[in-house]
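Participant:
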Amino acid sequence: MNPILDLHDLVLMVSSLHKNSASGRVRCLNRDMSSPIEQAIRQICEEKGLSYESVIETIESALSAAYRKDFGDKYHNLESEFDPETGGVRVFDVKTVVEDISEEELEEVRKKEAEESAAREARRALGEFMPVEVQSPTDEVPKYNPKTNVMLSEAKILKGGSKVGDVLRTELPIPGEFGRMAAMTAKQVITQKLREAEREIIFSEFKGVEGTVITGTVQRREGRIVLVDIGRTAGILKPEDQMLSDRYRSNDRLQVYVREVSLGPRGPQILLSRTHEALVKHLFEVEIPEIGEGTVEIRAIAREAGARTKIAVSSKDPQIDPIGACIGQRGTRIQTVIAELAGEKIDIIEWNDNPKEFIEHALAPAKVVGVNVNEEERTATVLVIPEQLSLAIGRGGQNVRLAARLTGWKVNIQEVTPEGAPIVTAEPIEEPAGETQESEVSNPAQVTDVIPSAE
Numbered sequence: 008m009n010p011i012l013d014l015h016d017l018v019l020m021v022s023s024l025h026k027n028s029a030s031g032r033v034r035c036l037n038r039d040m041s042s043p044i045e046q047a048i049r050q051i052c053e054e055k056g057l058s059y060e061s062v063i064e065t066i067e068s069a070l071s072a073a074y075r076k077d078f079g080d081k082y083h084n085l086e087s088e089f090d091p092e093t094g095g096v097r098v099f100d101v102k103t104v105v106e107d108i109s110e111e112e113l114e115e116v117r118k119k120e121a122e123e124s125a126a127r128e129a130r131r132a133l134g135e136f137m138p139v140e141v142q143s144p145t146d147e148v149p150k151y152n153p154k155t156n157v158m159l160s161e162a163k164i165l166k167g168g169s170k171v172g173d174v175l176r177t178e179l180p181i182p183g184e185f186g187r188m189a190a191m192t193a194k195q196v197i198t199q200k201l202r203e204a205e206r207e208i209i210f211s212e213f214k215g216v217e218g219t220v221i222t223g224t225v226q227r228r229e230g231r232i233v234l235v236d237i238g239r240t241a242g243i244l245k246p247e248d249q250m251l252s253d254r255y256r257s258n259d260r261l262q263v264y265v266r267e268v269s270l271g272p273r274g275p276q277i278l279l280s281r282t283h284e285a286l287v288k289h290l291f292e293v294e295i296p297e298i299g300e301g302t303v304e305i306r307a308i309a310r311e312a313g314a315r316t317k318i319a320v321s322s323k324d325p326q327i328d329p330i331g332a333c334i335g336q337r338g339t340r341i342q343t344v345i346a347e348l349a350g351e352k353i354d355i356i357e358w359n360d361n362p363k364e365f366i367e368h369a370l371a372p373a374k375v376v377g378v379n380v381n382e383e384e385r386t387a388t389v390l391v392i393p394e395q396l397s398l399a400i401g402r403g404g405q406n407v408r409l410a411a412r413l414t415g416w417k418v419n420i421q422e423v424t425p426e427g428a429p430i431v432t433a434e435p436i437e438e439p440a441g442e443t444q445e446s447e448v449s450n451p452a453q454v455t456d457v458i459p460s461a462e
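Under the numbering used here, the residue at position 176 of the sequence shown is numbered 183, and the numbers go up by one with no gaps.
(1) Classify P439 as buried or exposed, calling it buried when 16 or more other Cβ atoms lie within 10 Å of its own Cβ.
(2) For the candidate residues E267, I277, E229, whose alpha-carbon lies nearest to that of I237?
(3) For R412, report the span of its alpha helix (DSSP H) as first-last.
(4) Can you name, in chain order, every residue of its own chain whose Cβ lies under 8 Å from the Cβ of I295, other than the five neighbours on each side?
(5) Quick one, are the C-beta atoms of V235 and T65 less than 9 Å apart?
(6) So N379 and A373 are supposed to be a Cβ contact under 8 Å. How far apart are they, rounded?
(7) Could you compute how far the alpha carbon of I400 sits from the alpha carbon of T316?
(8) Pair every Cβ in the stretch 227-234 with every Cβ in the stretch 88-106, then say whether three or more of these pairs are closer than 8 Å.
(9) Distance, Cα to Cα, V62 vs F89?
(10) Quick one: using the 10 Å Cβ neighbour count with 16 as the cut-off for buried, is P275 buried or exposed?
(11) Given a threshold of 16 other Cβ atoms within 10 Å of its Cβ, counted over all protein chains shown, does Q249 qualify as buried or as exposed?
(12) Straight-line CA distance for L370 to A410?
(13) How would you label Q326, buried or exposed, when you count the other beta carbons within 10 angstroms and need 16 or more for buried?
(14) Could you compute how far the alpha carbon of L330 sits from the alpha carbon of V423?
(15) So if DSSP puts V389 in a beta bridge, which residue, or which two residues, is it bridged to?
(16) On the three-pair Cβ rule with 8 Å, is the stretch 210-218 touching the stretch 249-261?
(17) If we ignore side chains and look at the alpha-carbon of each, how far apart do L290 and L396 end up?
(18) Runs of 4 residues minimum, wholly inside the stretch 306-342: which ones carry the alpha helix (DSSP H) assignment?
(19) Smallest Cα separation from F210: which of D80, I51, R239?
(20) Expressed to the nearest angstrom, what Euclidean distance is found between the alpha-carbon atoms of N152 and R117?
(21) Give me, in chain order, the residues of the same chain whose beta-carbon lies closer than 8 Å to that of T282; leave out the 5 immediate sequence neighbours on both sides.
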C-alpha cells in the first residue's frame, strides 16, 4: 500500500489520532522513514504550496475543535500540540492571570455572557432577518472573561507563585476516542483552514505581478466572460477587456495584462486584459532588443484595441533609427507583435518635441499641408488637401482621435483647396466616458463627423 496519503486520508487520520497514538499503532515502517502522517502532511505542502508549519497549525486547530466538541467545556480556551512523528496529541487550557473580582461582579459577567449566548443562538436561528448588534468602541470592556482569564486566587492553587499577567497552560485529559461528530468537525476545520491558506498564497503570488504581462491558456467561456488558466488559478477576461479580433478558442495560448488582483469571499479574483496599452508596450520590449535595453524609448501610446495602435518612439543613440529598429528587417519584428495582437494595425511614429512636427507625424499615413497650433488652449488646426481628408480623419474619426490622444493636443482637421480657401472642417467632440481605453496622455479628442460648408 502506498504510504503517501491524500487530503481526505489525512483528515480521517487526524480524527483518529488519539486512538492510534494511545495504542501505539502509529509508528514508522522503519527507523529511516517518516511516519505516514508526516509524509501526508509534506505531500499536501508540496501540492498546495503551503508551509509545513501552517499545515501543523491547521491540524492543531482541528484537534482543538474536535476536543471541544466531545470533551470540552464552554469555559475552556483550548490549544493543542500535535507530534507528526508519533501522532501524539496534547490539549491545554490556556488562561491569563488577572486580579480577583467580587462575587457580584462575577455573577454580572456570567449573566451578560448568558444573554450574549442567547442572542447568538437567536441570530443563528433567524439568519439574516435578525439584526446583528455591533459593540460600540465606547462600551466598557469586561475586566474578567472566564474563558480566557483565571483569577489570581485560583491561579495560586493551580501553580504557586503565580502573579497577574502570567499565562497558565493546564494539560487536559483525553477521556476516550473522538466521536463521529468530532471527526466531522476536524474535517471541516482542516478543509477550511487549508483552503484559506491556499487562497492567501495565490493572492500574494498574483498581487506581486499586478500591472505586468503574463502568459495564459484559454480554458472556456462562461457567457461573455472568458476564463484563462494562468497557473494555480484562473483569471477573468471581462467583455470590456476582450479584443474583438480575438477568437478565444480553448487551449489557445495568449499574453494578458494583469489589471487587478483582489481577495473576495470566494478567494482571489484576478482580472486580466487584452485591451490595455501596457500589453503593447510589453510586446515591444520583448520583441525589440533596443527597447528592452533602453536604447530606444517608448514615449507615448494610444490604442483602440483590435483596430489600431499609434506608438511614439525616440532613440538615445543618434546612430540608431527608432522606427527601423521597431520594424526590423523586412518587418519581422513588428509582424511578431501584430500576430500576437490578432492583426491589429500599428503605426510607429518618431517622437518630436516640436508639437507641429509631432502632430503632423501622428496623423500618418495622411499627408499634411500645414499645422497651426494654439499653445494656450493646446489646440492644433491641421490643413490637408481634399484627397487626404478622409485618410486624415480615419474610419469613424479613428486616425485623428488616436493622434490627439498620442500627442495630448486637441486636433481640428481642415480641408483646403490649392489656393488655401477652407471648404470643409471637422471639429473635435468630447469622447464618451468609458468608450475607449484610457490613454497615457491628457486632453483626448476625437473627430467623428465631417460638416460640409454651405455652397
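Here a beta-carbon is modelled for each residue, glycine too, at the ideal position from N, C-alpha and C.
Computed from a predicted model, the values in this text were never measured in an experiment.
Facilitator: Reading from the atomic positions:
(1) With a pLDDT of 44 at P439, under the threshold of 50, the modelled position of that residue is not reliable, and the figure given next carries that caveat. With fewer than 16 other Cβ atoms inside 10 Å of its own Cβ, P439 counts as exposed.
(2) Of the candidates E267, I277, E229, the residue whose Cα lies closest to the Cα of I237 is I277.
(3) R412 -> alpha helix (DSSP H) spans 405-414.
(4) In its chain, beyond the 5 residues on either side, V303, A332, C333, G335, R340 have a beta carbon closer than 8 Å to the beta carbon of I295.
(5) Inclusion of V235 and T65 in the CB contact set at 9 Å is not warranted, their separation being larger than that value.
(6) Rounded, the Cβ-Cβ distance is 16 Å, inconsistent with contact.
(7) Linking I400 to T316 through their CA atoms gives a straight-line distance of about 15 Å.
(8) Put simply, the stretch 227-234 does not touch the stretch 88-106. Fewer than three CB pairs are less than 8 Å apart.
(9) Approximately 11 Å between the Cα atoms of the pair.
(10) With 16 or more other Cβ atoms within 10 Å, it is buried.
(11) By the neighbour-count criterion, in which 16 or more other beta carbons inside 10 Å mark a residue as buried, Q249 falls on the buried side.
(12) Between L370 and A410, the C-alpha separation is close to 6 Å.
(13) Classification of Q326: exposed, given that the 10 Å Cβ count is below 16.
(14) For the record, residue 330 in the displayed sequence is Ile; it is not Leu. Just so you know, the alpha carbons of I330 and V423 end up roughly 30 Å apart.
(15) Per DSSP, the beta-bridge partners of V389 are V378, I420.
(16) Output reads no: the stretch 249-261 does not touch the stretch 210-218.
(17) Distance between the alpha carbons of L290 and L396 is about 32 Å.
(18) Fully enclosed alpha helix (DSSP H) runs of 4 or longer: 329-334.
(19) It is R239.
(20) Computed Cα separation, rounded: 9 Å.
(21) Its chain contains E247, D248, Q249, M250, R310, A312, G313, Q444 as the residues whose beta carbon lies nearer than 8 Å to that of T282, once the 5 sequence neighbours on both sides are disregarded; these appear in chain order.
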